[in-house]
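Quick note: the sequence shown uses this note's numbering, first residue 426, plus one each step. A virtual CB, placed ideally from N, CA and C, is assigned to each residue, including glycine. Note that the structure is a prediction, hence the values are computed from the model and not measured.
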Amino acid sequence: MAPSFEEFDETAWDYGEEVFDKWREGLYDKDLYYAIVKKVVKHHMGEALEICRPQPGGKKGGKEGPGALIRFPMPAYFQYAEERLMAEVAAMRYISENTTIPIPFPIHYGMKQESPGGLGPFIIMDWVENAGDLVDVVNKPGLTIADVPMLDPNIDEEKLERVYYEMADIVLQLSLCEFPALGPLNFLGGDDLNDPEVLTRPLSINISQLANFARVPHFHLPPLSKTFKTSSEYYRALADMHLQQLSFQRNQAIESADDCRKKYIARQLFRRLAAEGRLANPEFDHGPFKLWCDDFRPANVLVKKDGKIAAAIDWEFTYAALADFSFAPPWWLLLQAPDDWRAGLDDWVANYEPKLALFLRALEKKEKEFIEQGRLQESDILLSTRMRKSWETGHFWVTYAARRTWAFDAIYWRFLDEKFFGKNWSGDFLERLKLLPPEQVDAMESFVERKLKEKEEKTIVDWYEPGAEAKLPPDILGRQGQ
426 MAPSFEEFDE
436 TAWDYGEEVF
446 DKWREGLYDK
456 DLYYAIVKKV
466 VKHHMGEALE
476 ICRPQPGGKK
486 GGKEGPGALI
496 RFPMPAYFQY
506 AEERLMAEVA
516 AMRYISENTT
526 IPIPFPIHYG
536 MKQESPGGLG
546 PFIIMDWVEN
556 AGDLVDVVNK
566 PGLTIADVPM
576 LDPNIDEEKL
586 ERVYYEMADI
596 VLQLSLCEFP
606 ALGPLNFLGG
616 DDLNDPEVLT
626 RPLSINISQL
636 ANFARVPHFH
646 LPPLSKTFKT
656 SSEYYRALAD
666 MHLQQLSFQR
676 NQAIESADDC
686 RKKYIARQLF
696 RRLAAEGRLA
706 NPEFDHGPFK
716 LWCDDFRPAN
726 VLVKKDGKIA
736 AAIDWEFTYA
746 ALADFSFAPP
756 WWLLLQAPDD
766 WRAGLDDWVA
776 NYEPKLALFL
786 RALEKKEKEF
796 IEQGRLQESD
806 ILLSTRMRKS
816 WETGHFWVTY
826 AARRTWAFDA
836 IYWRFLDEKF
846 FGKNWSGDFL
856 ERLKLLPPEQ
866 VDAMESFVER
876 KLKEKEEKTI
886 VDWYEPGAEA
896 KLPPDILGRQ
906 GQ
């Protein structure tokens, strides 16, 4: 049975589309436009000469000269809008003060009650003049905006190395920002931009997607006040969330009974590895933790007309994370993630490895510069060395599978199962049942039966409406007997 990648719940996605379309209809209102202009002018100063039409992302544009951008979250695609905004503002303030990474300056931010028309929490920031993003520089010719980007297979190697060199500078600087706990930065205790606190849970893209597209209720995800002090503890939380997705996503979660069993077994085994502390890097289990952005990629790096970086944007999913995340080489060297690569994982690896060698060469050049500037010591174990080790040992796939629930299954069975549990000579995934405790084996068939029933019903559940508690499934994490 070939491994498969998960899909979002299409019914939940369609519901999100309806919510967004209704919200978008309200944007094209003259009075609202004036309210937005008034809000921006109040904090940006100067005179409003032109207002551009709303656009998703709000990255590109032909505007020249000084200006300002106001950003609102699109409802229904990502949850926890105010939590994300606070994380982004704190990250941008810290990065501006403590690195040389070019980013837009955050001028002002506010919550929904302060926003024009009640559109939602917002950030006003300096407009960065740009000619597009890095994808435009290295994308395969002929692809449209609707196509998944793909690195130009005929790109000049020197050109690509220059791009990697500029990206390596950002990656390296982020890896040098260290903190004592896992989570987003917070300056609520004061204005010292060199000494932020970590007071809340790491807000990842995955958590937001679990709430939106798997309909995992908030009370089954890590609570807002939860911080993590060790890598092992966070790996356990990530493994739990993979199981919660399989349990709560009602549509497109499984293809068949055997597919359900295979996904159940993989998640339970991964959870076992996390519980045994076999996923975390023992050298950094207690930190320090590195500044990490889940959404850092070429599409979120604006460029000037000469192709050089103008600014890195979209920092809302930024938090102090496992050192393992920073030590894994970037997945975006081919622009496409391994789970988006149509020819499969092995073909992605074959195409990725030459580009990884080129990126590491560029990173080593940047590290040499940092050593000459006194920003690194020659005695340090360099990031390039740690990235090379992550790839060669296969730990790259541990971190990737841990962070990405919908990519988990294919990666687990292709790269992780044999790595941790040895050769499965029969080739039958059911052989791995022998590795699970009896209570998890006993619970599997009733779980499969429930998921098959949900697959046929093709519904979603609002877990926050009165009486919904009665519809909650048995706790797959075993806290209530399953």
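Asked	Found
Cβ-based burial, D401 [other Cβ within 10 Å; buried from 16]	Nothing can be reported for residue 401, as the shown portion of the chain is limited to 426 through 907.
Touch test, the region 672 to 691 against the region 883 to 895, Cβ-Cβ under 8 Å, three pairs minimum	yes
From A460, Y534 and L841, residue whose alpha carbon lies closest to that of L698	L841
Contiguous alpha helix (DSSP H) assignments of at least 4 residues, all confined to the region 729 to 755	748 to 752
Helix, strand or coil at E554 according to DSSP, with G and I counted as helix	coil
Length of the line joining the Cα atoms of P648 and P609	14 Å
N637 - DSSP class collapsed to helix/strand/coil	helix
Runs of alpha helix (DSSP H) lying entirely within the region 574 to 653, each at least 4 residues, in chain order	582 to 600 and 630 to 638
Counted within 10 angstroms of its Cβ, other Cβ atoms place N555 as buried (16 or more) or exposed	buried
Secondary structure of R829, DSSP reduced to three states	coil
Collapsed DSSP secondary structure at A700 in the structure displayed	helix
Burial state of D805 (16 or more Cβ within 10 Å)	exposed
Same chain, Cβ closer than 6 Å to T436, neighbours up to 5 away in sequence not counted	N676 and I885
Cut-off 6 Å between Cβ atoms - residues of its own chain near P574, not counting five sequence neighbours on either side	V560, N564 and L760
Sub-8 Å separation of P498 and R509 beta-carbons	yes
Limits of the unbroken alpha helix (DSSP H) element including H667	S656 to F673
Delimiting residues of the alpha helix (DSSP H) encompassing Y459	K455 to H469
Bridge partners - L902, DSSP secondary structure assignment	Paired residues: none, contrary to the question.
Own chain, CB closer than 6 Å to P713, minus 5 neighbours either side, in chain order	E603
Residue environment, G487, which counts as buried when at least 16 other CB atoms sit within 10 Å	Residue placement at G487 is poorly supported in this model, since its pLDDT is 47, which falls under 50; the coordinates still yield a value, given next. By the 10 Å Cβ count, G487 comes out exposed.
Identity of the residues DSSP links to L788 by a beta bridge	Answer is none; L788 lacks a bridge partner.
Sufficient close CB pairs (3 or more, under 8 Å) joining the region 788 to 796 to the region 585 to 599	yes
Three or more C-beta pairs below 8 Å linking the region 708 to 726 and the region 683 to 691	no
Nearest candidate by alpha-carbon position, reference D799, set A705, M550, L601 and G535	At residue 799 the sequence reads Gly, which differs from the Asp that was named. Ranking A705, M550, L601 and G535 by Cα distance to G799 puts L601 first.
Local conformation of K883 per DSSP, three classes	coil
Residue range of the unbroken alpha helix (DSSP H) whose run includes L861	Here L861 belongs to no alpha helix (DSSP H), and DSSP marks it neither H nor E.
Whole-number beta carbon distance between L671 and Y689, since they are thought to touch under 8 Å	7 Å
L474 to G542 span [Cα, whole Å]	Annotation note: pLDDT 49 at L474 (below 50); position unreliable, no value reported.
Whole beta strand (DSSP E) elements within the region 509 to 574, 3-residue minimum	531 to 535 and 547 to 551
Touch test, the region 527 to 542 against the region 574 to 589, Cβ-Cβ under 8 Å, three pairs minimum	no
Reduced DSSP secondary structure (H/G/I, E/B, other) of I495	strand
8 Å contact criterion, which L758 and F784 should meet: CB distance rounded	6 Å
Classification of A493 by the beta-carbon crowding that lies within 10 angstroms, buried from 16 upward	buried
Test item: CB-CB of W850 and A691 under 8 Å	no
Cβ contact check for the region 743 to 758 and the region 815 to 832: 3 or more pairs under 8 Å	yes
Buried/exposed call for L855, threshold 16 Cβ in 10 Å	exposed
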